[in-house]
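Engineer: One structure, pasted below without further comment.
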Amino acid sequence: MPLEIDQIDIASIYSPPDGKVFYCGLWNGKILIYDFEKKTSKEVYIGFEESPIVTFENLGNNKLVVGSFGEGALILDTENITASINNPNY
């Protein structure tokens with residue numbers, strides 16, 4: 007699937023079952039959020055300085071665990087695109 011974005015180094019990709027949005031973990035520690043229906047994207051810094059994002063896990067309730075190679079994991083709220091370290095439901 008071409009993302010129509012030049013010079014983005016993708017390390018991992020996650021999409022919920024509906025396939026409307028793709029969360030692309032980048033080698034620079036950011037996430038590229040790609041809206042497949044609108045063909046739009048934005049690159050988001052969530053707290054990793056330089057470690058590639060290598061894994062995603064859906065926790066439900068608009069929460070994803072985002073794991074890096076070298077800086078641990080964060081919880082991403084996919085509604086307001088904010089990251090946190092602790093989650094009482096995890």
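Just add 6 to wherever you are in the sequence shown, counting from 1, and you've got our numbering.
Using N, Cα and C, we set each Cβ at its ideal position, and we do this for glycine too.
1) Quick check on DSSP: helix, strand or coil for LYS69?
2) Among the residues of its own chain, which have a CB less than 7 Å from the CB of ALA17, if the five just before and after it don't count?
3) Rounded to whole angstroms, what's the CA-CA distance from PHE75 to GLY66? Just pull it up for me.
4) Which class does SER18 belong to by DSSP, given the choice of helix, strand or coil?
5) In three-state terms, what does DSSP make of GLU63?
Structural biologist: Once the coordinates are examined:
1) In the sequence shown, the residue the question calls residue 69 occupies position 63. Strand, per DSSP.
2) Sequence index remark: in the sequence shown, residue 17 carries index 11 (1-based). Excluding sequence neighbours, ALA17 sits near GLY31, LEU32, TRP33, PRO58, ILE59 and VAL60.
3) Walking along the sequence shown from the start, residue 75 turns up at place 69. Walking along the sequence shown from the start, residue 66 turns up at place 60. PHE75 and GLY66: Cα-Cα distance of roughly 23 Å.
4) Taking the sequence shown and counting its residues from 1, the one referred to as residue 18 is at position 12. DSSP places SER18 in strand when its eight states are reduced to three.
5) The residue you call residue 63 lines up with position 57 of the sequence shown. Looking at GLU63 - three-state DSSP - the assignment turns out to be strand.
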